[in-house]
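In the working numbering, the protein residues as written are 6 to 232. Ideal Cβ positions, reconstructed from N, Cα and C, are used throughout, including at glycine.
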Amino acid sequence: MARIVECKRVCKNYGEGRLQVRAVRDLDLVVEEGEFLSLSGPSGSGKTTLLNLIDGLDRLSSGEITVAGGRIDALSKTELADLRLHKIGFVFQAYNLIPVLSAYENVEFIMQLQGVAAEERRRQASAILGEVGLGGLGDRRPGELSGGQQQRVAVARAIVSQPAIVLADEPTANLDSETSLELLRTMQALNAAHGTTFIVASHDPQVIEFTRRRIRMRDGRIQQDDS
6 MARIVECKRV CKNYGEGRLQ VRAVRDLDLV VEEGEFLSLS GPSGSGKTTL LNLIDGLDRL
66 SSGEITVAGG RIDALSKTEL ADLRLHKIGF VFQAYNLIPV LSAYENVEFI MQLQGVAAEE
126 RRRQASAILG EVGLGGLGDR RPGELSGGQQ QRVAVARAIV SQPAIVLADE PTANLDSETS
186 LELLRTMQAL NAAHGTTFIV ASHDPQVIEF TRRRIRMRDG RIQQDDS
């Protein structure tokens, strides 16, 4: 299988001098296409920082990261924005849906930025909302949906344009256990149907148990890697 993410000697430091925090330390990681894996560990272990480095939200202090063939650390701002737009989907803990837009319009938003025609956007949005169990709810705004439904819209938005990888940061943190399980099953089904790679950062034991590869971090390093 092809490598979708490759991290080499990755370091991320915040601050300077004695106040410097080493959030990620000399980390090496290879993720192959189609994997469904979790990053876990205590607060401050570096799992969210690693996601942000892979996505390009944070810049490396040193090392190399390649995502879908693009060297994150070597790309210009324009090239990085293009890679994120076309190759990376992100699911946030707080959903980050646009409140004045319907579920359809939230899902269509990325495709609109990509220049996809309106009719094709609606067709794809309708199809993916059906896949995540929200068929018939496309006209509702986020405030008219439950937390679990909003997170499903967020997952649909992340995957609708068929990115190479989806990064999810604590996607079940605001959900009860039953709703969390439904969301995980949805993500697993999308992973199987589309072959999209999922990397999920979470401290939720249910999430960790659900993933096929489990990486535990501590003090900015990989402590354990179980397939």
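Under the three-state DSSP convention, the category Q154 falls into:
Helix, per DSSP.
What residue range is occupied by the uninterrupted beta strand (DSSP E) comprising N18?
Per DSSP, N18 belongs to the beta strand (DSSP E) from R8 to Y19.
Report the partner residues of G75 according to the DSSP bridge assignment.
Per DSSP, V72.
Chain-order list of residues whose beta-carbon lies under 8 Å from that of G8 (same chain, five-residue window excluded)
For the record, residue 8 in the displayed sequence is Arg; it is not Gly. For R8, where only same-chain residues beyond five positions count, the Cβ hits under 8 Å are V35, V36, E37, E38 and T71.
Closest by C-alpha distance to A79, when choosing among S185, I59 and H91
Nearest of S185, I59 and H91 to A79, Cα basis: I59.
Spell out a yes or no on whether the region 11-21 and the region 183-196 are touching, meaning 3 or more CB-CB pairs, one atom from each, closer than 8 Å.
Output reads no: the region 183-196 does not touch the region 11-21.
Taking the alpha-carbon positions, what's the I133 to N111 distance?
Those two C-alpha atoms are separated by around 12 Å.
Going by other Cβ atoms of all chains shown within 10 Å of its Cβ, with 16 needed for buried, is A194 buried or exposed?
Burial call: exposed.
Closer than 8 Å by C-beta to A178: which residues in its own chain qualify, once you throw out the five before and the five after it? Chain order, please.
Excluding sequence neighbours, A178 sits near Q98, S207 and D209.
If L142 and Q154 are in contact, beta carbons under 8 Å, what's the gap, nearest whole angstrom?
For L142 against Q154, the beta-carbon gap comes to about 7 Å, under 8 Å, which counts as contact.
Which two residues bound the contiguous alpha helix (DSSP H) that contains E124?
For E124, the enclosing alpha helix (DSSP H) stretches over residues A123 to E136.
Separation of D33 from D231, as counted between CA atoms:
Using only the alpha carbons, I get a separation of about 15 Å.
May I ask you to verify whether the region 84-97 touches the region 120-136, counting CB pairs closer than 8 Å and requiring at least 3?
Contact between the region 84-97 and the region 120-136 is absent, because fewer than three Cβ pairs lie under 8 Å.
Hey, quick one: how far does the beta strand (DSSP E) through L24 stretch, first residue to last?
No beta strand (DSSP E) holds L24; DSSP gives it neither H nor E.
Could you tell me the distance, in whole angstroms, from the CA atom of Q211 to the CA atom of R190?
Annotation: Q211 to R190 spans about 11 Å, alpha carbon to alpha carbon.
How many whole angstroms separate the CB atoms of E69 and K13, which I take to be in contact at a CB cut-off of 8 Å?
For E69 against K13, the beta-carbon gap comes to about 4 Å, under 8 Å, which counts as contact.
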